[in-house]
Amino acid sequence: MRKIIVDLNRVKDDEYVAMYEIFGLDVLNKSYEDFERRMLQIQIETIVEVKNRKYNLSTCSKWIFILEDIQQKSDYFYCIWGV
Numbered sequence: 001m002r003k004i005i006v007d008l009n010r011v012k013d014d015e016y017v018a019m020y021e022i023f024g025l026d027v028l029n030k031s032y033e034d035f036e037r038r039m040l041q042i043q044i045e046t047i048v049e050v051k052n053r054k055y056n057l058s059t060c061s062k063w064i065f066i067l068e069d070i071q072q073k074s075d076y077f078y079c080i081w082g083v
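Heads up, the sequence shown is in UniProt numbering, so the first residue is 1 and it goes up one at a time.
Written out as structure tokens, the structure is:
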């Protein structure tokens, strides 16, 4: 099991490289779809602590929704949502 902390004060929408690096993925195709597809292929239990969700809902809402979507589709991905 691994734990990853995502500080949304440091990641904004369209900052693909930052999100790929946080999750240890090589940057191949910079897209939300590619990120989600690759995250769903990971079969290591992963706890993601997402900080500053409410504060950054307007500046990085796409990443928030993608993380929520991955959490719903994956049996290995769990999010802890911070304020």
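Glycine is no exception: its CB is placed at the ideal position from the N, C-alpha and C atoms.
Span separating the alpha-carbon of residue i from that of residue j
i: Y32; j: D69; result: 11 angstroms
i: D34; j: Q43; result: 16 angstroms
i: K3; j: Y20; result: 15 angstroms
i: I5; j: S58; result: 20 angstroms
Rounded Cβ spacing between residue i and residue j (contact assumed at less than 8 angstroms)
i: L8; j: R53; result: 6 angstroms
i: L25; j: V50; result: Rounded, the Cβ-Cβ distance is 17 angstroms, inconsistent with contact.
i: Y16; j: I47; result: Not confirmed; about 22 angstroms, so no contact.
i: residue 120; j: V27; result: Outside the displayed range of the chain (1 to 83) lies residue 120, so it cannot be described from this structure.
Paired residues, beta bridge with residue i - DSSP
i: Y78; result: I47
i: K3; result: I47
Please go through the stretch 13 to 62 and give each complete beta strand (DSSP E) segment of 3 or more residues, from N-terminal end onward. 46 to 51
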